[in-house]
Amino acid sequence: EADIYQTPRYLVIGTGKKITLECSQTMGHDKMYWYQQDPGMELHLIHYSYGVNSTEKGDLSSESTVSRIRTEHFPLTLESARPSHTSQYLCASSEWEFYNEQFFGPGTRLTVL
Amino acid sequence: GESVGLHLPTLSVQEGDNSIINCAYSNSASDYFIWYKQESGKGPQFIIDIRSNMDKRQGQRVTVLLNKTVKHLSLQIAATQPGDSAVYFCAETNFNKFYFGSGTKLNVKP
Numbered sequence: 001e002a003d004i005y006q007t008p009r010y011l012v013i014g015t016g017k018k019i020t021l022e023c024s025q026t027m028g029h030d031k032m033y034w035y036q037q038d039p040g041m042e043l044h045l046i047h048y049s050y051g052v053n054s055t056e057k058g059d060l061s062s063e064s065t066v067s068r069i070r071t072e073h074f075p076l077t078l079e080s081a082r083p084s085h086t087s088q089y090l091c092a093s094s095e096w097e098f099y100n101e102q103f104f105g106p107g108t109r110l111t112v113l
Numbered sequence: 114g115e116s117v118g119l120h121l122p123t124l125s126v127q128e129g130d131n132s133i134i135n136c137a138y139s140n141s142a143s144d145y146f147i148w149y150k151q152e153s154g155k156g157p158q159f160i161i162d163i164r165s166n167m168d169k170r171q172g173q174r175v176t177v178l179l180n181k182t183v184k185h186l187s188l189q190i191a192a193t194q195p196g197d198s199a200v201y202f203c204a205e206t207n208f209n210k211f212y213f214g215s216g217t218k219l220n221v222k223p
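Those protein sequences? They're chains D and R, same order as listed. Per this note's numbering, the very first residue in the first sequence carries number 1; after that it's consecutive. Per this note's numbering, the very first residue in the second sequence carries number 114; after that it's consecutive.
Shown next as structure tokens:
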């Protein structure tokens with residue numbers, strides 16, 4: 001069982017609200033990732049980090065932002081949520097050397113009304 | 114972006130039979146090719162991977178085959194069990210990024 005946690009698991013909010021999705025891992029992994037996944041569809045990388053103070057954008061354009069102030073914590077923020085942001089958001093982490101093996105959190109299912 | 118596609122979006126097999134899930138990829142520069150299992154309401158779970166310089170790797174009840182000539186990846190599950198029912202994704206990575214396919218749903222009939 002991977003030690004990576006996401007909160008909240010489910011979130012329903014109104015348009016225009018600011019939200020932060022939390023992701024924490026206790027494995028000491030340097031690399032962390034955020035993916036967006038629509039039901040039954042592939043995962044799209046939206047942000048990743050090599051370590052503290054490192055953040056990079058993924059291939060899928062996203063209006064979200066991330067920060068990496070501590071190794072274990074990689075929160076994702078939406079300044080103004082819109083219905084198009086409705087999706088599942090998955091956080092993952094991996095070791096620097098064994099980057100091929102990602103460990104995923106349970107996901108946050110976000111619905112924006 | 115990279116393209117990782119899957120054949121057969123839904124696969125139904127009888128319990129005890131072997132399952133084969135296929136995947137096509139497009140990036141020859143990837144270091145690893147990986148299979149994930151995703152159960153309903155959960156995040157993907159790593160099953161097995163294969164390095165780009167290999168053509169076969171075996172795990173417990175699972176085997177991954179890599180054919181670089183036709184850019185094809187497959188996952189074989191031996192003696193499929195009800196607990197194997199899930200969506201399976203292939204992915205490829207070159208250290209910086211991961212590219213996922215759209216998933217194959219495996220239904221195991223008792």
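Glycine is no exception: its CB is placed at the ideal position from the N, C-alpha and C atoms. Computed from a predicted structure; not experimentally measured.
For residue i: DSSP bridge partner residues
i               : result
I190 of chain R : R:S132, R:V175
T65 of chain D  : D:T77
Y145 of chain R : R:R164, R:T206
Q102 of chain D : None, per the DSSP bridge assignment.
K169 of chain R : R:L178
M32 of chain D  : D:S49, D:S93
T111 of chain D : D:V12
R70 of chain D  : D:H73
S24 of chain D  : D:Y5, D:H73
C155 of chain R : Reading the sequence as shown, one finds Lys at residue 155 of chain R and not Cys. Note: K155 of chain R sits in no beta bridge, so no partner.
V126 of chain R : R:V221
L43 of chain D  : D:Q37
K18 of chain D  : DSSP, once it has assigned bridges, lists no residue as partnering K18 of chain D.
Between the CA atoms of residue j and residue i - distance to the nearest angstrom
i               : j               : result
R174 of chain R : S187 of chain R : 14 Å
P223 of chain R : I190 of chain R : 16 Å
L110 of chain D : V66 of chain D  : 17 Å
D144 of chain R : P39 of chain D  : 28 Å
N100 of chain D : I69 of chain D  : 24 Å
S165 of chain R : F104 of chain D : 23 Å
S198 of chain R : Q36 of chain D  : 23 Å
T123 of chain R : F74 of chain D  : 34 Å
M27 of chain D  : I160 of chain R : 19 Å
Y89 of chain D  : T55 of chain D  : 17 Å
E42 of chain D  : L78 of chain D  : 22 Å
I4 of chain D   : Q151 of chain R : 16 Å
S139 of chain R : C23 of chain D  : 31 Å
L219 of chain R : V126 of chain R : 8 Å
T176 of chain R : L113 of chain D : 44 Å
P106 of chain D : T193 of chain R : 25 Å
L179 of chain R : T20 of chain D  : 40 Å
K181 of chain R : G51 of chain D  : 33 Å
T71 of chain D  : G129 of chain R : 44 Å
Distance between beta carbons of residue j and residue i, contact taken as under 8 Å
i               : j               : result
F211 of chain R : P157 of chain R : Wrong, their Cβ atoms sit about 10 Å apart, outside the cutoff.
Proximity to residue i [Cα-Cα], best of the options
i               : options                    : result
M167 of chain R : R:K184, R:K155, R:S153     : R:K184
R9 of chain D   : D:W96, D:C91, D:N53        : D:C91
E87 of chain D  : D:T108, D:M32, D:G51, D:T7 : Per the sequence shown, residue 87 of chain D should be read as Ser rather than Glu. Nearest option by C-alpha distance: D:T108.
W148 of chain R : R:N209, R:C136, R:A142     : R:C136
D59 of chain D  : D:G51, D:V52, D:H47, D:N53 : D:H47
S215 of chain R : D:F98, D:H44, D:E72        : D:H44
Near the ligand GTP: residue i beta-carbon under 7 Å from a heavy atom
i              : result
M41 of chain D : Among the ligands in the structure shown, none appear at all, so the ligand GTP cannot be discussed.
**OP:** Report yes or no: do three or more beta-carbon pairs, one from the segment 80–89 of chain D and one from the segment 9–22 of chain D, lie closer than 8 Å?
**Re:** yes
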